[in-house]
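> Be aware that the sequence shown starts at 2, since it is given in the numbering used here, and climbs by one per residue. Here a beta-carbon is modelled for each residue, glycine too, at the ideal position from N, C-alpha and C. This structure is in structure tokens; I'll ask about it shortly.
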Amino acid sequence: MLTNFNSMLKTAYAQKKAIGSFNFYNYETLKGILQAAEQMNTPVIVSFGKKYLSNMSFAEVKAITAASADLYKTDVCLHLDHCDSMDIIYQAIRAGFTSVMYDGSALSFEENTANTGRICEVAHANNVSVEAELGSLAAGEASHEGSADDKEVYTSPDAAREFVDRTGVDALAVSIGTVHGLYKGTPNIRTDILQAINEKLHMPLVLHGGSGTPEEKVKECISNGIAKINVNTEISDYTVQHTRALLEKENPHLSVVALNQMRYVEEVVRKYMGIFANQ
Ligand code: 13P
């Protein structure tokens with residue numbers, strides 16, 4: 002069933018687990034994610050970015066996600082990933098997305114707060130959950146989010162408290178050293194900053210840049226308030242690498258390539274779901 006992320010994230014936060022938010026770009030990636038969720042018996046967030054609007058329109062995304070989600074027993078949240086355009090967010094809400102992320106992290110604190118507050122009013126009136134971001138992630142390699150010159154700005158715990166109070170946002174994405182894309186060196190994840198944010202907020206926090214983040218660090222983050230973790234780059238990398246190997250071996254029909262790609266996506270998503278269960 003399609004749902005917003007509020008109850009799944011509250012439960013995950015209380016149980017010190019995280020729900021995976023996995024990016025999809027077409028039917029195969031969506032289906033691979035949903036198959037993994039069914040096998041791992043976990044709710045899931047399927048996340049679509051405006052960058053992929055040239056692959057599918059919001060109406061098409063809503064239609065295939067709702068139809069596919071009905072075939073599975075797990076709750077599915079259809080989420081709009083990083084979006085800096087309020088107009089596009091309203092389009093996603095009208096199309097039937099159950100959750101949106103407004104990314105005003107490049108704006109001043111005041112502008113980000115005002116815009117996020119406005120998005121929350123509209124989204125909440127439509128039973129749609131809202132994630133926003135304070136601070137900003139650096140760019141790693143092969144990232145499909147942000148831009149190559151993005152610099153790291155850690156989230157301030159005091160500013161985070163004020164931001165949440167003034168906007169009414171449902172979940173907050175924090176910047177604590179993860180990067181979008183692949184790490185260029187050894188990751189330096191500032192769980193001390195995360196701990197301070199969690200002590201101030203006591204609400205579900207979001208970790209972007211899941212790909213390649215060391216497992217013990219991910220688990221430490223989950224134990225300190227991270228209840229939603231985003232993964233994009235590794236879904237694409239793993240699937241492209243395995244597709245290349247398949248094509249080098251044989252000359253399959255396109256339908257067989259598509260079936261295999263669902264399986265590759267399912268494998269990488271299942272690995273992350275196992276880590277996010279934090280056992
Ligand atoms: P990665 O591509 O590093 O997994 O990050 C994904 C992300 O944060 C999507 O918003």
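Between the alpha carbons of D171 and L247, how many angstroms are there, rounded?
One-based indexing of the sequence shown puts residue 171 at position 170. One-based indexing of the sequence shown puts residue 247 at position 246. Using only the alpha carbons, I get a separation of about 42 Å.
> How big is the Cα-Cα spacing for S100 and L81?
Against the sequence shown, residue 100 aligns to sequence position 99. Against the sequence shown, residue 81 aligns to sequence position 80. Those two C-alpha atoms are separated by around 6 Å.
> Sorted by chain position, which residues of the same chain lie with C-beta nearer than 6 Å to S144's C-beta, five sequence neighbours on each side aside?
Here residue 144 corresponds to residue number 143 of the sequence shown, with the count starting at 1. Excluding sequence neighbours, S144 sits near H181 and G182.
> Smallest Cα separation from M41: which of G50, T192 and I20?
Residue numbering aside, residue 41 sits at position 40 when the sequence shown is read from its first letter. Nearest C-alpha to M41: I20.
> Would you mind stating whether G136 and V123 have Cβ atoms separated by less than 8 Å?
Your numbering for residue 136 matches position 135 in the sequence shown. Your numbering for residue 123 matches position 122 in the sequence shown. Cβ atoms of G136 and V123: not closer than 8 Å.
> Let me check understanding here. Comparing Cα to Cα, which of S69, R264, N225 and N113 lies closest to C78?
As a first step, residue 78 is located in the sequence shown; it is residue number 77 there, counting from the start. C78 has its Cα closest to that of S69, out of S69, R264, N225 and N113.
> Under the criterion of a Cβ to heavy atom distance below 7 Å, does T234 qualify as lining the ligand 13P?
On the sequence shown, residue 234 is found 233 positions in, with the first residue counted as 1. Yes; taking the cut-off as 7 Å, the Cβ of T234 has a heavy atom of the ligand 13P nearer than that.
> Could you check if G210 belongs to the surroundings of the ligand 13P, using beta carbon to heavy atom distance under 7 Å?
Stepping through the sequence shown from its first residue, residue 210 is reached at position 209. Under cutoff, so the answer is yes.
> Whole angstroms is fine: what's the gap from M274's alpha carbon to V219's?
Within the sequence shown, numbered from 1, the residue matching residue 274 stands at position 273. Within the sequence shown, numbered from 1, the residue matching residue 219 stands at position 218. Cα-Cα distance, rounded: 12 Å.
> So, under 8 Å CB-CB, I230 and F277 are touching, yes? Tell me the CB distance rounded to an integer number of Å.
Translated into the one-based positions of the sequence shown, residue 230 becomes position 229. Translated into the one-based positions of the sequence shown, residue 277 becomes position 276. About 6 Å; that satisfies the 8 Å criterion.
> Can you tell me whether N113 is buried or exposed, with buried defined as 16 or more other CB within 10 angstroms of its CB?
Taking the first residue of the sequence shown as position 1, residue 113 is located at position 112. Per the 10 Å Cβ criterion, buried.
> Give me the residue from K52, P44, S224 and A93 with the minimum Cα distance to D76.
Against the sequence shown, residue 76 aligns to sequence position 75. It is P44 whose Cα lies nearest to the Cα of D76.
> Checking 8 Å against the spacing of the C-beta atoms, do E221 and T240 come in under that value?
Here residue 221 is taken as the residue at index 220 of the sequence shown, counted from 1. Here residue 240 is taken as the residue at index 239 of the sequence shown, counted from 1. It is not a contact, given that the beta carbons lie outside the stated cut-off.
> When you compare only the Cα positions, how much space is there between Q272 and V175?
As a first step, residue 272 must be located in the sequence shown, where it is residue number 271. As a first step, residue 175 must be located in the sequence shown, where it is residue number 174. The sequence given here places Lys at residue 272; Gln does not occur at that position. Approximately 23 Å, taken between the alpha carbons.
> Tell me the start and end of each unbroken alpha helix (DSSP H) in the segment 100–165 that is at least 4 residues and wholly inside, in chain order.
110–126
> Taking C-beta to C-beta, are I199 and G226 nearer than 8 Å?
Walking along the sequence shown from the start, residue 199 turns up at place 198. Walking along the sequence shown from the start, residue 226 turns up at place 225. One point to set straight first is that residue 199 is Asn, not Ile, in the sequence displayed. For N199 and G226, yes; Cβs fall inside 8 Å.
> To the nearest angstrom, report how far apart S86 and I65 are at their CA atoms.
Here residue 86 refers to the residue found at position 85 when the sequence shown is read from its first residue. Here residue 65 refers to the residue found at position 64 when the sequence shown is read from its first residue. Each residue's alpha carbon lies about 24 Å from the other.
> Count the CB pairs spanning the segment 2–13 and the segment 245–262 that are closer than 8 Å, and state whether there are at least three.
Using a C-beta cut-off of 8 Å, the segment 2–13 makes no contact with the segment 245–262, since fewer than three inter-stretch Cβ pairs fall below that distance.
> Do the CB positions of F23 and F49 come within less than 8 Å of each other?
As a working note, residue 23 is residue 22 in the sequence shown. As a working note, residue 49 is residue 48 in the sequence shown. Against a cut-off of 8 Å, the Cβ pair of F49 and F23 comes out as no contact.
> Go ahead and pull the three-state DSSP assignment for S55.
The sequence position of residue 55 within the sequence shown is 54, counting from 1. The answer is helix: DSSP assigns S55 an H, G or I state.
> Can the beta-carbon of M2 be found less than 8 Å from the beta-carbon of N27?
Taking the sequence shown and counting its residues from 1, the one referred to as residue 2 is at position 1. Taking the sequence shown and counting its residues from 1, the one referred to as residue 27 is at position 26. Between M2 and N27, the C-beta spacing is not below 8 Å.
> Using the Cβ count rule (16 or more neighbours within 10 Å means buried), how would you classify D88?
Here residue 88 is taken as the residue at index 87 of the sequence shown, counted from 1. D88 comes out exposed.
> Please report the straight-line C-alpha distance between R162 and H203, rounded to a whole angstrom.
To locate residue 162, count along the sequence shown from 1; it is residue 161. To locate residue 203, count along the sequence shown from 1; it is residue 202. For R162 and H203, the distance between alpha carbons rounds to 10 Å.
> How many angstroms separate the CA atom of K51 from the CA atom of H254?
Translated into positions along the sequence shown, residue 51 becomes position 50. Translated into positions along the sequence shown, residue 254 becomes position 253. In a straight line, the C-alpha of K51 is about 30 Å away from that of H254.
> Do you know whose CA, among I94, D238 and Q36, lies nearest Y60's CA?
As a first step, residue 60 must be located in the sequence shown, where it is residue number 59. Contrary to the premise, residue 60 reads as Ala rather than Tyr in this sequence. Of I94, D238 and Q36, the smallest CA-CA separation from A60 is found for I94.
> With DSSP run on the structure shown, which of helix, strand or coil describes L72?
Residue numbering aside, residue 72 sits at position 71 when the sequence shown is read from its first letter. Here L72 sits in coil by DSSP.
> Only counting the same chain, and skipping five residues up and downstream in sequence, which positions put a Cβ closer than 6 Å to that of A67?
Translated into positions along the sequence shown, residue 67 becomes position 66. Within the same chain, A67 has close Cβ partners L3.
> If you count every other CB in all the chains shown that lies within 10 Å of the CB of E217, and 16 or more means buried, which is it?
On the sequence shown, position 216 is the one that residue 217 refers to. With a 10 Å radius around the Cβ and a threshold of 16 neighbouring Cβ atoms, E217 comes out exposed.
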